[in-house]
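Data first, discussion second: the structure below is written as structure tokens.
Chains as they are written, first to last, in the working numbering: chain A, 41 to 535; chain B, 780 to 1004.
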């Protein structure tokens, strides 16, 4: 999903609905548990209030003393033989919803509540240790949720209870053996409880749905409004073109999160503007530079064709035009190289001394004519990892300039100097009459030391191009004028 | 007329100088601003063709100094830069005209002719004094409405005298405006060429146009001597 807006809305909505759902579940479970706990407490209270009295009133008849004999299950004839059946237990709490069943320790039923009818309650907690009747607490009970015979849900509590021991009676033959425990099961129907819980569940679900929908709506509105500055910024960026690069985006009043973006954007626009200005200036310079040889070409041809001339005059004019054309060709090729930025090739190990000797060779005749000598101070074992083609381009340019512009009868020195973290290749030549501003201008595009000389083919782009290529090689190019010698140094970083 | 060409680009300078000399101008040439300034201050030029992009001293700085010293030569500046600001700056610094490179040679020559007329406060391109008529646009001369062939130097001399008609012109002035750096100094070369010119333009029965003022120079005027 690529939309920030969609991610924000869906993410927050998902988190909100999950939180809401979790809250709802927690509320529901908590309420349910509380209600069940209340039910259990009620059952315990009922049991605590009735079990001792039941045992006291009926407990003696429920089991031995007397010879063991069958007793009708859950039937206590009270009030004598043939007497009307009475409710097994008077309900001390006067609650007709309380169900209970009373059993002997072996599980035979002694009595049950009238409300149970023919149904029975399950034995609960039959394996647990019985509690003395005089010390019944909640820990003696076991609780279970059960289903009654009619299918209604109920909550039941089971208790094993030890009656108080019989006093010794030698006439009845009673002994001091402890009486067996009784089992009691109390239950309360919980249909209403579960009905209420169901209502609560639906209420929570409905609340969750409505709240989620409301969240979705509000979130969409808030996100839409909050992202409006971003949309506006995007529109303004879209309206940008070269003609309005001088414009800057307003950071004041923008959201805090956008301020760094706007500042970086403005900075980028400034850099782009500068680069475009430099490019335009360079193009203008290039065009102006080409105008000069073009003017020479045009003037020479117009004068030559202005009247009848001798064949020698025509030949001289043609020679002049050819020289100018070659100069323009050199300039155009230099411009193309500048435009390409000197696209590099592969990095190889270069024998520097051998490379310089190869570059010197084609210039040797011109150097000899001007009585120039080369002194090379480069160890023959010196190797460097670099782009050989680009390095050759720079060396050729340095030698070309040195041979053409050096004072005659001099020595051109090319040396390699180890510097901390770098290697400096320096080419120097005698230049006694060089202007003081030569070092600062030599690398400028189209600047030439001697603009009156047209036979050398120099168009003023060589050192500018060499400086750019030096940058591609990870180095720098600089010029110095000291003690009557002009030198150009190429510094390459070394690992 | 005496023209100075200050241009560092040799092929252009060579072609311009050649074209001007073929138009009978006396032309001096230099390749940098410092030499140009020196020549302007030491010699009298009617027109200076000045390139702006010069080594040594750039054209605008040279122009500024020339005008500061109140040198009255007319200046035509040439440059490859055609921005309005460059043109305005050059004209405000005292240039009389502006030409963007590359230019048509015919246009350069026409502008030089216009500046020469301006130098001598002449607006017309045809000058008629007595029975002689000179058409400066194409260097044709008519004597009694008949075309007359003159050499380049003869035409240059006649044109100069016609432009200064009614004024006494010294031999030195004639020398400075008709001859350039290449000419060998000869003491009577001016007199010789005046003699050649008289032969071609004077007519019997008409008063002489070119009169000699002994000890001063020459005067070209119509009417009685």
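Cβ atoms here follow ideal geometry from the backbone N, Cα and C, with glycine treated the same way. Since this is a predicted model, take the numbers as computed values, not measurements.
Three-state secondary structure (DSSP) at residue i?
i, result
"residue 915(B)", "coil"
"residue 328(A)", "helix"
"residue 997(B)", "strand"
"residue 302(A)", "helix"
"residue 823(B)", "coil"
"residue 403(A)", "helix"
"residue 501(A)", "coil"
"residue 201(A)", "strand"
"residue 265(A)", "helix"
"residue 319(A)", "helix"
"residue 903(B)", "coil"
"residue 352(A)", "helix"
"residue 464(A)", "strand"
"residue 157(A)", "coil"
"residue 172(A)", "strand"
"residue 945(B)", "coil"
"residue 533(A)", "strand"
"residue 127(A)", "At residue 127(A), the pLDDT of 46 sits below 50, so the modelled position is not reliable; the number obtained from the coordinates is stated separately. Coil at residue 127(A), not helix or strand."
"residue 312(A)", "helix"
"residue 347(A)", "coil"
Between residue i and residue j, what straight-line distance do the alpha-carbon atoms span, to the nearest angstrom?
i, j, result
"residue 921(B)", "residue 985(B)", "15 Å"
"residue 114(A)", "residue 67(A)", "Caution applies to residue 114(A), whose pLDDT of 45 falls short of 50 and renders its modelled position unreliable; the model cannot decide the point."
"residue 905(B)", "residue 823(B)", "25 Å"
"residue 989(B)", "residue 934(B)", "14 Å"
"residue 326(A)", "residue 859(B)", "11 Å"
"residue 96(A)", "residue 69(A)", "40 Å"
"residue 291(A)", "residue 869(B)", "43 Å"
"residue 55(A)", "residue 248(A)", "13 Å"
"residue 505(A)", "residue 884(B)", "35 Å"
"residue 89(A)", "residue 219(A)", "21 Å"
"residue 528(A)", "residue 515(A)", "13 Å"
"residue 295(A)", "residue 309(A)", "20 Å"
"residue 994(B)", "residue 799(B)", "32 Å"
"residue 416(A)", "residue 386(A)", "27 Å"
"residue 531(A)", "residue 407(A)", "25 Å"
"residue 231(A)", "residue 61(A)", "26 Å"
"residue 496(A)", "residue 444(A)", "Note that residue 496(A) has pLDDT 49, beneath the 50 cutoff, so the model's placement of it is unreliable and the number below is only indicative. Rounded to the nearest angstrom, the two C-alpha atoms are 7 Å apart."
"residue 92(A)", "residue 57(A)", "52 Å"
"residue 987(B)", "residue 918(B)", "22 Å"
"residue 522(A)", "residue 464(A)", "17 Å"
"residue 224(A)", "residue 236(A)", "28 Å"
"residue 37(A)", "residue 259(A)", "In the structure displayed, chain A extends from 41 to 535; residue 37(A) sits before or after that span and is not available."
Can you pull the DSSP bridge partners for residue i?
i, result
"residue 876(B)", "855(B)"
"residue 525(A)", "470(A) and 522(A)"
"residue 16(A)", "Because chain A is modelled from 41 through 535, residue 16(A) falls outside the range shown and cannot be assessed."
"residue 142(A)", "151(A) and 224(A)"
"residue 922(B)", "911(B) and 925(B)"
"residue 181(A)", "199(A)"
"residue 408(A)", "Paired residue(s): none; residue 408(A) is not in a bridge."
"residue 828(B)", "784(B) and 855(B)"
"residue 516(A)", "531(A)"
"residue 806(B)", "782(B)"
Given a threshold of 16 other Cβ atoms within 10 Å of its Cβ, counted over all protein chains shown, does residue i qualify as buried or as exposed?
i, result
"residue 254(A)", "exposed"
"residue 141(A)", "buried"
"residue 59(A)", "exposed"
"residue 1002(B)", "exposed"
"residue 44(A)", "exposed"
"residue 153(A)", "buried"
"residue 200(A)", "buried"
"residue 410(A)", "exposed"
"residue 264(A)", "exposed"
"residue 109(A)", "Note on residue 109(A): pLDDT 34, under 50, position unreliable in the model; the coordinate value appears next. Exposed: under 16 other Cβ atoms inside 10 Å."
"residue 449(A)", "exposed"
"residue 354(A)", "exposed"
"residue 942(B)", "buried"
Exercise for the section: Identify each residue in the segment 316-342 of chain A for which the Cβ-Cβ distance to at least one residue of chain B is less than 9 Å, and report them in chain order. Expected result: 324, 327, 328, 329, 330, 331, 332, 333, 334, 335, 336, 337, 338, 339, 340, 341 and 342
Practice task
Check each residue of the segment 356-371 of chain A: if its Cβ is closer than 7 Å to any Cβ of chain B, include it; give the result in chain order.
Solution key: 360 and 364
Practice task
Can you give me, in chain order, the residues of the segment 877-910 of chain B that have a beta carbon less than 9 Å from any beta carbon in chain A?
Solution key: 879, 880, 881, 882, 883, 884, 885 and 887
Handout entry: Contacting positions in the segment 790-819 of chain B - beta carbon closer than 9 Å to chain A
Key = 790, 791, 792, 793, 794, 795, 797, 798, 801, 810 and 811
Handout entry: Interface residues of the segment 269-280 of chain A facing chain B [CB-CB below 8 Å]
Key = none
Exercise for the section: Determine which residues of the segment 457-473 of chain A have a Cβ less than 9 Å from any Cβ of chain B, and write them out in chain order. Expected result: none
Practice task
Using a Cβ-Cβ cut-off of less than 7 Å, give me the residues of the segment 853-866 of chain B that come near chain A, in sequence order.
Solution key: 859 and 860
Problem - Near-chain A residues of the segment 926-957 of chain B - C-beta to any C-beta below 9 Å - result: none
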